[in-house]
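Novice: Basically the working numbering = 1-based index in the sequence shown + 9.
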Amino acid sequence: MGRTALTPCPLSQCWERGLEVVRSEYPSLVPRPPLTTEGTIVHITERDSFVATPRMTRERFVGVLAEAGSPWAGQAGEIHDLIVGAGHDPAIWLAICAREHSYGTNRDSVLWRNDTRSWTNARSVRDPSIGGWEVVHDSIRKSDYVRYANIFDSVRDGMYRVTDPGYRYVKEGRTTIGQVLTIWTESDSAAYTAAVVALMNSWHDATTPGGVVEGLGLTDVRHLLARRSPADGVPAGPYARRPLAEKRGVVVHYSGPEVRDRANTLAVLQAEARYHVDKDWAKPERPACYGDGLMYHVAVGDDGARYLCRDLEDVLWHCGVTAQNETALAVHVPIGDKQRATPAQLESLRGLIDTWRALTGTPVEEVWGHQELSSTDCPGTLMADFVVPYRRGRLAPVETQQWFPETGHSVGGAFWQFWQSRGGLPIFGYPLTDELSEGGQTIQYFERAIFEWHPESDDLWKVQLRRLGAKALATALTPHPPLPMLGEGE
Ligand SMILES: [Zn+2]
């Protein structure tokens, strides 16, 4: 899969276009509506397969029937399991049930008038294994309908007819939602199909099990971020999912260019989602291929708030490596260039990843920065501020410690405060050691200084620089052989 060898970070790929798009979008951080069709966020379209793996959770399925006051609410779980067990999607069948007779609650329906126990208002029985049914005549619609022995038989019969090789759906090659419902409906199939798809989309946002989302402390903003529908007719992707049970690993990302209004996390995510949707992810010289949405599952804002941006099951083109694109959690911190994550952001990131690792059995070695998987600057300062110290179990709040990947040493506590407040890198240079004990005194070597800890002194003088000049002078003043004169002997 050549496409997956690409990365979404604007700075790492697609320099000109990436920077141009992102920079031009950031100044006006006004939330804009996501791609929608008639007010519905598009995940599922009539061009998606009718027979499919579940597009809604069991919990939601049961909840919808209970909320509607359906006569089948008490059997909802069993009906769901029957559908999934047959390899069908509970969402499409629930939406059909809604359309046929409002989940069995419409008293002005064939179902109520004739006690048909029918999920589907079928006029004939296709499944030969089903018995105990009869045909009844509805006096108002002046037509015959099947009265099933029970609701399960009618659901079973409905699924059977869609996949019966001897029946017209299969014979005519009708596999998509739209193709099936065109035949299914007796009239007004466009409105019927639109209503079914809209309902399915309204339930779709619950496909990531609520418990996991709750456990990770995520605020769901998926419906506020741009998505591209397969119905656009534009080549795009990945449009693929992997079950949560197969997920493990974490890849940390950042925005790339400096993020100007970084406190407004949602607006930044919205701009980035639009950028990822409009971006051509294909390699140069290959046909264009656009994005199906933001290529990060979750994001952590300046204040530590955590956002769910995509279904956790979604496969995303985020790190340039197929395995991690398919199974790893893509975690995004919307900062860029030299910007540093806030202490709240780092703390939240740590908590999020701790929980994800516990949920998925991810070892600490499988927490990566994007640049460890493919060639990119991503995730910028987070490499030193978060990824490496996290893996080493040495993560501390940013105000009390800093790890320098350049030399592999940390500066912490009072030494770190002193280093920051008295001039930083140009004055002291990088740490060359961790804190050391020398003659009973705590010291640390830097490129251009040696810090000494004087606990006996006043606060202002607890950290002192070694008096290197005085020592050097004292050494210089001790008698030694005369220096040769320049030019002597020529
Ligand atoms: Zn990245």
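Just so it is clear, CB atoms sit at the ideal spot from N, CA and C, and this is done for glycine as well.
Keep in mind the model is a prediction, meaning the values are calculated, not measured.
1) Taking 8 Å as the cut-off, does the region 74–81 touch the region 180–194 (at least 3 CB pairs, one atom from each stretch)?
2) Can you give me the Cβ contacts of H341 inside the same chain, cut-off strictly under 6 Å, excluding the 5 residues immediately before and after it?
3) What separation, rounded to the nearest whole angstrom, lies between the Cα atoms of S384 and G94?
4) Where does S384 sit, in a helix, a strand or coil, going by DSSP?
5) With 16 other CB atoms within 10 Å as the buried threshold, where does N334 fall?
6) May I have the straight-line CA-CA distance separating I50 from L120, to the nearest angstrom?
7) On the three-state DSSP scale, how would you describe Q348?
8) Say the cut is 7 Å; is the CB of H379 nearer than that to a heavy atom of ligand 1?
9) Please state if the CB of I362 and the CB of V259 are separated by a distance shorter than 8 Å.
10) Does DSSP put F70 in a helix, in a strand, or in coil?
11) Per DSSP, which residues does A204 bridge with? Please list them.
12) Considering only heavy atoms of ligand 1, does any lie closer than 7 Å to the CB of P398?
13) Grab me the residues of S163's own chain with a C-beta within less than 7 Å of its C-beta, minus the 5 sequence neighbours each way, in chain order.
14) So, does the region 369–378 touch the region 345–358, judging by three or more C-beta pairs under 8 Å?
15) Specify the secondary structure class of D229 as computed by DSSP and reduced to three states.
16) Any heavy atom of ligand 1 closer than 7 Å to the Cβ of H262?
17) Can we count P63 as close to ligand 1, meaning its CB is less than 7 Å from some heavy atom?
18) So who's on the other strand from V145, going by DSSP bridges?
19) Evaluate N159 with the Cβ neighbour count: other Cβ atoms within 10 Å of its Cβ, from every protein chain shown; 16 or more gives buried, anything less gives exposed.
20) Helix, strand or coil for T185? Go by DSSP, reduced to three states.
21) I want to check one thing, is the minimum distance from the CB of T331 to the heavy atoms of ligand 1 below 7 Å?
22) Going by DSSP, what residue range makes up the beta strand (DSSP E) through V164?
23) Would you say C387 touches ligand 1, meaning its beta carbon is less than 7 Å from a heavy atom?
24) Classify G300 as buried or exposed, calling it buried when 16 or more other Cβ atoms lie within 10 Å of its own Cβ.
25) In this structure, what does DSSP give as the bridge partners for Q453?
26) Run through DSSP, which three-state label would F59 get?
27) State yes or no: is the C-beta of L303 within less than 8 Å of the C-beta of R315?
28) Among all the DSSP beta bridges, which residues are the ones paired with E447?
Specialist: In this structure, then:
1) Three or more Cβ pairs closer than 8 Å define a contact, and the region 180–194 falls short of that threshold against the region 74–81.
2) Residue numbering aside, residue 341 sits at position 332 when the sequence shown is read from its first letter. Only H262, Y305, A308 meet the Cβ criterion.
3) For the purposes of this step, residue 384 is taken as the residue at position 375 of the sequence shown. For the purposes of this step, residue 94 is taken as the residue at position 85 of the sequence shown. Roughly 44 Å between the two C-alpha positions.
4) Locating residue 384 in the sequence shown gives position 375, counting from the first residue. Coil.
5) For the purposes of this step, residue 334 is taken as residue 325 along the sequence shown, with counting starting at 1. Flag for N334 reads buried.
6) Against the sequence shown, residue 50 aligns to sequence position 41. Against the sequence shown, residue 120 aligns to sequence position 111. Confidence is the limiting factor: at I50 the pLDDT is only 41, short of 50, which leaves the residue's position unreliable and the question unanswerable from this model.
7) Numbered from 1 along the sequence shown, position 339 holds the residue referred to as residue 348. When secondary structure is reduced to three states using DSSP, Q348 falls in the coil class, being assigned neither helix nor strand.
8) Counting from 1 along the sequence shown, the entry for residue 379 is found at position 370. Between ligand 1 and H379, a heavy atom-to-CB distance of less than 7 Å is present.
9) Within the sequence shown, residue 259 is the residue found at index 250, counting from 1. Within the sequence shown, residue 362 is the residue found at index 353, counting from 1. For V259 and I362, yes; Cβs fall inside 8 Å.
10) Sequence index remark: in the sequence shown, residue 70 carries index 61 (1-based). Judged by DSSP in its simplified three-state form, F70 adopts helix.
11) What you label residue 204 is simply residue 195 of the sequence shown in a count that begins at 1. For A204, which the question treats as bridged, DSSP gives no partner whatsoever.
12) By one-based count along the sequence shown, residue 398 stands at place 389. No; taking the cut-off as 7 Å, the Cβ of P398 has no heavy atom of ligand 1 nearer than that.
13) Translated into the one-based positions of the sequence shown, residue 163 becomes position 154. Excluding sequence neighbours, S163 sits near R126, S127, W128, T129, A131, Y157.
14) Fewer than three Cβ pairs drawn from the region 369–378 and the region 345–358 lie within less than 8 Å of each other, which leaves the two stretches out of contact.
15) Indexing the sequence shown from 1 puts residue 229 at position 220. In the structure shown, D229 sits in a strand (DSSP, three-state: E or B).
16) As a position in the sequence shown, residue 262 is number 253, starting the count at 1. Within the cutoff, so yes.
17) As a first step, residue 63 is located in the sequence shown; it is residue number 54 there, counting from the start. No - ligand 1 has no heavy atom lying nearer than 7 Å to the Cβ of P63.
18) Against the sequence shown, residue 145 aligns to sequence position 136. Answer by DSSP bridge pairing, in chain order: Y154.
19) Here residue 159 refers to the residue found at position 150 of the sequence shown. Under this definition N159 is an exposed residue.
20) Position 176 of the sequence shown, counted from the start, is the residue given in the question as residue 185. If DSSP states are grouped into helix, strand and coil, T185 belongs with the strands.
21) Along the sequence shown, one-based indexing puts residue 331 at 322. Checking every heavy atom of ligand 1 against the Cβ of T331, none is found closer than 7 Å.
22) Sequence index remark: in the sequence shown, residue 164 carries index 155 (1-based). In the DSSP assignment, V164 falls outside any beta strand (DSSP E) and within the unbroken alpha helix (DSSP H) covering 160–172.
23) As a position in the sequence shown, residue 387 is number 378, starting the count at 1. Under cutoff, so the answer is yes.
24) As a first step, residue 300 must be located in the sequence shown, where it is residue number 291. Burial call: buried.
25) Counting from one through the sequence shown, the residue named residue 453 turns up at place 444. Paired residue(s): F460.
26) As a working mapping, residue 59 is identified with position 50 in the sequence shown. Reduced to three states, the DSSP call for F59 is coil.
27) In the sequence shown, residue 303 corresponds to position 294, counting from 1. In the sequence shown, residue 315 corresponds to position 306, counting from 1. Cβ atoms of L303 and R315: not closer than 8 Å.
28) Position 438 of the sequence shown, counted from the first residue, corresponds to residue 447. Paired residues: Q450.
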